[in-house]
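First residue of the sequence shown? That's -18 in our numbering, and the numbers climb one at a time after it. We treat Cβ as the ideally placed atom computed from N, Cα and C, and that holds for glycine. Read through the structure below, which is laid out as structure tokens, and then see the notes.
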Amino acid sequence: MSGSGLIAALTSVSTREQAEALAHHLVEQGLAACVQLQAIESVYRWQGVVQQEPEWRLLIKSTTTRWAELQAAVLAQHPYELPALVAWPLPEGHAAFQDWVREQTAS
């Protein structure tokens, strides 16, 4: 991942409490500058059966330099057997916001 050095990562969990706990952990550890929580509905196939469940989406703002640690932290605390966790680079953005994200996630 390149560009501004910023990433947006995405995962989801079953409950608001799980989402809040994970979000707080990531921000408190300096692995994310901000995590947005949103109630969603997911349709997916699991073990051959189509499921539909409410979930909480976490949109995580961080940096490429913290990605490995962020990924490890999410996977260590995630309640799912197979959590979705993806990230994509943010090639452009408001300069002051980019600086803030970098400051919040500086190790």
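With fewer than 16 neighbouring CB atoms inside 10 Å of its own CB, E34 falls in the exposed class. Looking only at Q52, A68 and A(-11), the smallest Cα-Cα distance to Q10 is reached by Q52. Per DSSP, reduced to three states, the secondary structure at Q28 is coil, with no helix or strand assignment. Judged by DSSP secondary structure, A54 falls within the alpha helix (DSSP H) whose first and last residues are W48 to Q58.
For Q79, the secondary structure class from DSSP, reduced to helix, strand or coil, is helix.
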